[in-house]
Amino acid sequence: MEEKKSKVILHGMWASTYSKRVEIALKLKGISYEYVEEDLKNKTESLIQLNPVLKKIPLLVHDGKPVADTQVILDYIDETWKNSPRFYPEDPYERAQVRFWVSYINQQVFEVMGRVMLQEGEAQANSVEEARERFKVIEEGLKKQFPNKTIRGNDDVGLLDIIIIASFGVHKALHEAIGVEIIDPVNTPTLYNWIEQLQELTVIKEVEVPHDRLVTFLQKCRQEHLQHTANA
């Protein structure tokens, strides 16, 4: 339930993992919102006017006030709607660990996964090896810092869970689209099971992108990028 009546608008894009983070956060808090789908090649005038610095999605507009940048939006949601679930643990050390692993995923993993998707040949093989090494780091970190993680309902979901499911919940579609598997139950069992538990939640199912549509989209993005690189 919402703590107060308000008008919330989210400017996003259906395949964006960053938009998905905000959608999941809003759903978890039970916040009603209007969704505006943006064409990133032809953005709405309202997006540009409300977010003149970044001119990017996601953009949250709360009672006419714009909030930009994904992490800033997530913190804003948690600080404005203080109902459960809270996105950070109460314990300062645990909170610091959540922030660290969110930062690691954002800075060290997202970039290399982009290279895996958009490269081919030897360059892609090198990026795949690098990505697997970084996922090993995540695997060991999650196992050590968050042992016996169990997700039974919305109240068990916090910021790190949001980042994990929005970022890596598409790993099976990515595997099908480019033929590379990096997250699996053998090499990354902790992360794999974490994702599987989250995907059972109703709020996650509500924002899931259809598998086939996502595979087609990823394949198209990859081909367009490779073609552009070849013609450059």
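Quick note on the UniProt record's numbering: the sequence shown kicks off at 1 and runs consecutively.
Each residue gets a CB set at the ideal place from its N, CA and C atoms; glycine is no exception.
- The three-state reading of DSSP puts Pro-210 in coil, since its state is none of H, G, I, E or B.
- In this structure, Gln-97 is the residue among Gln-97, Glu-130, Ser-6, Ile-48 with its C-alpha nearest to the C-alpha of Lys-144.
- By the beta-carbon neighbour count (other beta carbons within 10 angstroms, threshold 16), Asp-78 is buried.
- Taking C-alpha positions only, Gln-223 is separated from Pro-92 by approximately 45 Å.
- In the pairwise beta carbon analysis, the region 178-189 is classified as not touching the region 96-111: fewer than three pairs are separated by under 8 Å.
- Here the region 3-18 lies against the region 27-47, with 3 or more beta-carbon pairs under 8 Å apart.
- Asn-154 is not a Cβ neighbour of Pro-89, given a cutoff of 9 Å.
- Beta-bridge partners assigned by DSSP to Glu-37: Gly-12.
- The DSSP-derived three-state label of Lys-5 is coil.
- The region 151-167 and the region 193-207 touch, with no fewer than 3 CB-CB distances between them shorter than 8 Å.
- Apart from sequence neighbours up to five positions away, the residues of its chain that approach Ala-68 with a beta-carbon distance below 6 Å are Asn-51, Leu-54, Leu-59, ordered along the chain.
- Non-local beta-carbon contacts of Glu-206 in its own chain, meaning distances under 8 Å to residues more than five positions away in sequence, involve Lys-27 in chain order.
- In the three-state scheme derived from DSSP, where H, G and I count as helix and E and B as strand, Asn-51 is classed as coil.
- Every candidate beta strand (DSSP E) stretch fails here, since none sits fully inside the UniProt domain "GST C-terminal" (91-218) while reaching 3 residues.
- With respect to the 9 Å criterion, Leu-191 and Met-117 are not classified as neighbours on the basis of their beta carbons.
- In the structure shown, Asn-83 falls within a coil segment according to DSSP collapsed to helix, strand and coil.
- Going by DSSP, Ala-232 is part of no beta strand (DSSP E) at all; its letter is neither H nor E.
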